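Chemist: In this note's numbering, each residue carries its 1-based index in the sequence shown increased by 25.
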Amino acid sequence: MAQPSLLTSISSYLVISFSLLFFLTSNVEARVSCNPISYIVNETLYNTLFLHKDDAACPAKGFYNYSSFIEATKSFPKFGSTGDLTTRKREIAAFFAQISHETTGGWATAPDGPNAWGLCFKEEVNPQSDYCDSNNTQWPCYPGKTYHGRGPIQLSWNYNYGPAGKALGFNGLENPELVANNSVISFKTALWFWMTPQNPKPSCHDVMVGLYHPTAADRAANRTAGFGLTTNIINGGLECGIPTTAQVQDRINYYKRYAQIFGVDVGPNLDCANQQHY
26 MAQPSLLTSI
36 SSYLVISFSL
46 LFFLTSNVEA
56 RVSCNPISYI
66 VNETLYNTLF
76 LHKDDAACPA
86 KGFYNYSSFI
96 EATKSFPKFG
106 STGDLTTRKR
116 EIAAFFAQIS
126 HETTGGWATA
136 PDGPNAWGLC
146 FKEEVNPQSD
156 YCDSNNTQWP
166 CYPGKTYHGR
176 GPIQLSWNYN
186 YGPAGKALGF
196 NGLENPELVA
206 NNSVISFKTA
216 LWFWMTPQNP
226 KPSCHDVMVG
236 LYHPTAADRA
246 ANRTAGFGLT
256 TNIINGGLEC
266 GIPTTAQVQD
276 RINYYKRYAQ
286 IFGVDVGPNL
296 DCANQQHY
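#1: To the nearest angstrom, how far is the alpha carbon of Arg276 from that of His77?
#2: With 16 as the cutoff for other CB atoms within 10 Å, does Arg175 come out buried or exposed?
#3: Looking at the structure shown, is Gln179 part of a helix, part of a strand, or coil, going by DSSP?
#4: Quick one: what does DSSP say Glu202 is sitting in, helix, strand or coil?
#5: Starting from Pro61, trace the alpha helix (DSSP H) in both directions and tell me its first and last residue.
#6: So is Ser181 in contact with chain C if we call contact Cβ pairs under 8 Å?
#7: Would you tell me roughly how many angstroms separate the C-alpha atoms of Leu144 and Thr128, rounded to the nearest one?
#8: Within the same chain, show all residues whose beta-carbon is closer than 7 Å to that of Ser58, passing over the 5 residues directly before and after it, in chain order.
#9: In chain order, what residues of the same chain have a beta carbon less than 8 Å from the beta carbon of Pro239, not counting five sequence neighbours either side?
#10: For Gly288, does the count of other Cβ atoms within 10 angstroms reach 16, so buried, or fall short, so exposed?
#11: Lys226 by DSSP, collapsed to three states: which one?
#12: Thinking just about the alpha-carbon of each residue, which of Lys213, Cys265 and Thr255 is nearest to the one in Gln223?
#13: Rounded to whole angstroms, what is the Cα-Cα separation between Ile62 and Tyr91?
#14: Buried or exposed: which applies to Leu295, given that a residue is buried once 16 or more other Cβ atoms fall within 10 Å of its Cβ?
#15: For the alpha helix (DSSP H) containing Val273, name the first residue and the last one.
#16: Per DSSP, which residues does Glu148 bridge with? Please list them.
#17: Can you find the residues in the same chain that come closer than 8 Å, C-beta to C-beta, to His126, ignoring five residues on each side of it along the sequence?
#18: Tell me which residue opens and which closes the alpha helix (DSSP H) that Val257 is part of.
#19: Which word fits Ala189, buried or exposed, when buried means at least 16 other C-beta atoms lie within 10 angstroms of its C-beta?
#20: Is Lys305 helix, strand or coil when you go by DSSP?
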């Protein structure tokens with residue numbers, strides 16, 4: 026039997042090596058493209074951002090885990106994957122800032138500062154009502170249920186629980202408790218609110234990635250793109266069109282902290298003091 030020549034052996038080795046390199050590179054690219062969020066935010070960074078979320082002092086201890094967040098993002102592939110890397114990081118920082126304020130456990134003299142205490146709560150403390158809009162017949166309240174703030178975005182009102190549940194595959198009107206009992210669903214409701222336009226409001230996502238196109242009414246109301254407009258979308262009726270409140274400043278402070286950690290600038294229009302609310 027003839028022995029292979031040295032040239033043949035070298036050629037075979039190179040083919041195998043290049044094939045292996047291509048396979049490994051393709052797998053890396055596939056993982057990045059399939060999960061762009063984990064490429065930007067790994068578990069170590071996530072736990073650094075939400076430094077005290079699992080402290081004993083936080084009622085949501087253990088609830089807002091990294092794997093649940095990543096799993097939830099799979100249902101919203103455009104989140105954190107639209108635009109260049111700076112835009113993607115800025116959107117994630119803005120989202121994290123808003124959910125951090127909504128769930129904050131921080132106080133002025135808190136260890137590591139008040140803005141190291143995001144994702145501390147999973148339900149509104151001492152809700153002042155059942156958040157049932159009985160005039161909304163499209164999303165009628167279920168007897169005995171309350172639609173107080175739950176989850177990272179503190180989803181509130183029957184007219185949010187209903188469509189969120191329909192979009193995500195659960196009965197939000199009959200089983201609103203799922204938003205505080207299932208961490209994946211909880212994160213999904215926050216992402217649903219962030220990604221979904223609710224006329225006349227644009228989505229927070231579109232605002233942060235440059236896809237927001239203000240209407241004539243928006244321009245008249247000075248609703249300009251920037252982090253401040255996401256605050257207007259989330260809670261403008263109480264926080265916008267007035268001098269900057271402590272709540273708005275807390276949102277901004279969270280955003281500045283996260284943007285600095287991500288190494289990106291915060292962009293323009295951080296507050297909504299000069300914007301009319303929707």
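By construction, the Cβ of each residue, glycine as well, lies at the ideal position given by its N, Cα and C atoms.
Being a predicted model, the structure only gives us computed values, none of them experimental.
Modeler: In terms of the structure at hand:
#1: Taking the sequence shown and counting its residues from 1, one reaches residue 276 at position 251. Taking the sequence shown and counting its residues from 1, one reaches residue 77 at position 52. Rounded to the nearest angstrom, the two C-alpha atoms are 17 Å apart.
#2: As a working mapping, residue 175 is identified with position 150 in the sequence shown. The residue in question, Arg175, is buried, as its Cβ has 16 or more Cβ neighbours within 10 Å.
#3: Sequence index remark: in the sequence shown, residue 179 carries index 154 (1-based). Residue state, collapsed to three classes: coil.
#4: Here residue 202 is taken as the residue at index 177 of the sequence shown, counted from 1. Coil.
#5: Here residue 61 is taken as the residue at index 36 of the sequence shown, counted from 1. From DSSP, the alpha helix (DSSP H) with Pro61 extends over Pro61 to Ile65.
#6: The structure shown has no chain C; it contains just one protein chain.
#7: In the sequence shown, the residue the question calls residue 144 occupies position 119. In the sequence shown, the residue the question calls residue 128 occupies position 103. Spanning the two alpha carbons is a distance of roughly 5 Å.
#8: By one-based count along the sequence shown, residue 58 stands at place 33. Note on Ser58: pLDDT 42, under 50, position unreliable in the model; no value is reported.
#9: Residue 239 sits at position 214 when you count from the first residue of the sequence shown. Here the set comprises Arg248, Thr249 and Ala250.
#10: As a first step, residue 288 is located in the sequence shown; it is residue number 263 there, counting from the start. Gly288 is exposed by the Cβ-count criterion.
#11: In the sequence shown, the residue the question calls residue 226 occupies position 201. In the structure shown, Lys226 sits in a strand (DSSP, three-state: E or B).
#12: Counted from its first residue, the sequence shown places residue 223 at position 198. It is Thr255.
#13: Here residue 62 refers to the residue found at position 37 when the sequence shown is read from its first residue. Here residue 91 refers to the residue found at position 66 when the sequence shown is read from its first residue. So the alpha carbons of these two residues sit roughly 11 Å apart.
#14: By 1-based counting over the sequence shown, the position of residue 295 is 270. Under this definition Leu295 is a buried residue.
#15: Here residue 273 refers to the residue found at position 248 of the sequence shown. Its alpha helix (DSSP H) spans residues Ala271 to Phe287.
#16: Position 123 of the sequence shown, counted from the start, is the residue given in the question as residue 148. Glu148 is bridged to Arg175.
#17: One-based indexing of the sequence shown puts residue 126 at position 101. Excluding residues within five positions, the ones whose Cβ falls inside 8 Å are Gly143, Gln272, Asp275, Arg276 and Tyr279.
#18: Stepping through the sequence shown from its first residue, residue 257 is reached at position 232. Reading off the sequence shown, one finds Asn at residue 257, where the question assumed Val. Residues Phe252 to Glu264.
#19: Counting from 1 along the sequence shown, the entry for residue 189 is found at position 164. Counting Cβ neighbours within 10 Å, Ala189 comes out buried, since at least 16 surround it.
#20: Residue 305 lies beyond the residue range present for the chain, which begins at 26 and ends at 303; the question has no answer from this structure.
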